[in-house]
Amino acid sequence: MRRWNGWGDEATVVELPANGAAFLAGRIGAGQPLPDASLEQVLARVPASRLAAHPLISLDAETRVRHARGQSLPDWLAMREGDFGQFPDGVAFPETPEQIRQLLALAAERDLVLIPYGGGTSVAGHINPQAGERPVLTLSLAHMNRLLELDEDSLIATFGPGASGPQVESQLRARGYTLGHFPQSWELSTLGGWVASRSSGQQSLRYGRIEQLFAGGTLETFAGPMELPTFPASAAGPDLRELVLGSEGRFGVISEVRVRVSRLAEQESFYAVFLPSWEQALSGIRHLAQARVPLSMLRLSNAIETETQLALAGHPGQIALLEKYLALRGAGGWQVHADLRRHRQPDAERRLAETGQAPAEGLRWRVHRHLAGQEVGAQPLPLPLPAPRLVERRLRGGHPGNRHRLGQCRQPAGQDRGQSAQRS
């Protein structure tokens, strides 16, 4: 079952290793875990609902608790302390577009505040009920999670908006396809939420951001349904899909989503490559991007992030070996950047792999990339800055080798569906 006061599933517990705790204490000082409020304590604080009974609406106290907060760090702190603030007066679970329309009519008739709810992973606070005189109805789309249609000629899939990342991929992969959209919240966030928040995924370099994948759908509004037909590329405008993308539920509730899918890759590999300096890593990653090598992902971690991730994962031996290795190699002996200049694809991958010697690290990332550090408050977020400003703000580590990790994903030449990856 999903955690009621944080990220992930209650059955998945990732303990912080002792050396990881020591690492954090050495960097930011010793910490003292605060006691968590129990679910029973929080349930006792839930006020009576201001809504009348309705067949589509749950007034259950625990259901209201589980739909009261998002997944930002302030949300986590509030939930762990039991200080939820406001609760929705009820949570609706429609299963069809017609039921969404019924709920919209009810909200208009009774002057309710209506909050569309996908996976509840928002970090912007807009799914959190605000204090006020109007009753609050949260509309969960969790029951609208099926693959409704797959057009294998046009490669267009139609889904209910409440399909989570794993539900989207499992239903497509059973037919030999993938959407290829993997935001950091993929485990819990939903397809409708990706459209409403205009999300980007970890492999968007190959498959595209959600605005490139979103082909059309239906938006339920207080004035009636708004159809967004699937059109081929056109020079005409405006494109009404742009009205829905990033709208965050302001204009209505998405009841159906059509997306462009791809056939499954014949090959997919993940690698980690370690480089001795930020300058070389930045130069290498820039060259790969400018050369337009067909990658699916390219990710660069700075020295502090690299060391922290290894330490919190409980691998102090890897850190020591890496420091010794990079010190022996030295920046002058590192030939990765020169190789990237001479070889666009196969040789560059081979050389990077030989230098990094860490395919297992990449595979480990792939398996565990959606597990958050629940007990240490880990919440990695992308930093939306232009490249020059990122360079200005880069963090330098003061340890031997100043190690950085360069991640690369690519589609092998001559393979339309082939894909391999190198990732930090």
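Numbering (the numbering used here), first residue to last: 26 to 449.
Beta carbons: idealized from backbone N, C-alpha and C, even for Gly.
Which of the three DSSP states, helix, strand or coil, is assigned to Arg285? Position 260 of the sequence shown, counted from the first residue, corresponds to residue 285. Correct three-state label for Arg285: strand.
Relative to the C-alpha of Gln209, which candidate in Tyr202, Gly190, Arg198 has its C-alpha closest? Within the sequence shown, the letter at position 184 stands for residue 209. Of the listed residues, the one whose Cα sits closest to Gln209 is Gly190.
For Val298 and Ile82, the rounded distance between their alpha carbons: Residue 82 sits at position 57 when you count from the first residue of the sequence shown. Residue 298 sits at position 273 when you count from the first residue of the sequence shown. Each residue's alpha carbon lies about 51 Å from the other.
Option nearest Trp303 by Cα separation, candidates Thr37, Leu64, Gln96, Thr331: Your numbering for residue 303 matches position 278 in the sequence shown. The option with the nearest alpha carbon to Trp303 is Thr331.
Residue interval of the beta strand (DSSP E) (run including Ala117): Position 92 of the sequence shown, counted from the first residue, corresponds to residue 117. 115 to 117 is the span of the beta strand (DSSP E), which, as asked, contains Ala117.
Pull up the distance between the alpha-carbon of Met169 and that of Pro119, whole angstroms please. Here the question's residue 169 lines up with position 144 in the sequence shown. Here the question's residue 119 lines up with position 94 in the sequence shown. Straight-line spacing of the CA atoms in Met169 and Pro119 works out to 7 Å.
Whole-Å CB distance - Met322 paired with Gln228, under 8 Å assumed: Here residue 322 corresponds to residue number 297 of the sequence shown, with the count starting at 1. Here residue 228 corresponds to residue number 203 of the sequence shown, with the count starting at 1. So it is a contact: roughly 5 Å between Cβ atoms.
Could you name each continuous beta strand (DSSP E) segment of 3 residues or more that falls completely within the stretch 181 to 226, going from the start of the chain to the end? Entirely contained in the stretch 181 to 226, the beta strand (DSSP E) runs reaching 3 residues are, in chain order, 181 to 184.
The alpha helix (DSSP H) that contains Gly242, what's its start and end? In the sequence shown, the residue the question calls residue 242 occupies position 217. Not the alpha helix (DSSP H): Gly242 falls in the beta strand (DSSP E), residues 239 to 246.
Pairing CB atoms from the stretch 241 to 256 with CB atoms from the stretch 271 to 290, are three or more of them under 8 Å? yes
For Thr121, name the three-state secondary structure that DSSP assigns. Residue mapping note: residue 121 aligns to position 96 of the sequence shown, counting from 1. Coil.
Is the separation between the beta-carbon of Ile125 and that of Ile140 shorter than 8 Å? What you label residue 125 is simply residue 100 of the sequence shown in a count that begins at 1. What you label residue 140 is simply residue 115 of the sequence shown in a count that begins at 1. Contact: no.
Let me know the secondary structure DSSP gives Gly107 once reduced to three states. Walking along the sequence shown from the start, residue 107 turns up at place 82. The answer is coil: DSSP assigns Gly107 none of H, G, I, E or B.
Closest Cα partner of Gly104 within the set Asn44, Ala117, Ala77, Val67: One-based indexing of the sequence shown puts residue 104 at position 79. The residue you asked about is not Gly; residue 104 is Met in the sequence shown. Residue nearest to Met104 within the set Asn44, Ala117, Ala77, Val67 is Val67 (criterion: CA-CA distance).
Please say whether Ser214 and Gly271 have beta carbons closer to each other than 8 Å? Residue 271 sits at position 246 when you count from the first residue of the sequence shown. Residue 214 sits at position 189 when you count from the first residue of the sequence shown. Not in contact: Gly271 and Ser214 (Cβ atoms no closer than 8 Å).
As assigned by DSSP and simplified to three states, the class of Ser527: An answer regarding residue 527 cannot be provided, because it is not within the stretch 26 to 449 covered by the chain.
Check whether Val116 and Thr163 have beta carbons under 8 Å apart: The sequence position of residue 116 within the sequence shown is 91, counting from 1. The sequence position of residue 163 within the sequence shown is 138, counting from 1. Going by C-beta atoms, Val116 is nearer than 8 Å to Thr163.
How would you write the range of the beta strand (DSSP E) that Tyr232 sits in, first residue to last? By 1-based counting over the sequence shown, the position of residue 232 is 207. Taken as a continuous stretch (DSSP letters only), Tyr232 belongs to no beta strand (DSSP E), being part of the alpha helix (DSSP H) at 229 to 232.
Find the nearest neighbour of Pro254 within the set Ser294, Thr183, Gln196, judged by alpha-carbon distance. One-based indexing of the sequence shown puts residue 254 at position 229. Closest by alpha carbon: Thr183.
May I have the straight-line CA-CA distance separating Phe239 from Val284, to the nearest angstrom? The sequence position of residue 239 within the sequence shown is 214, counting from 1. The sequence position of residue 284 within the sequence shown is 259, counting from 1. If I take the Cα positions, the gap works out to 5 Å.
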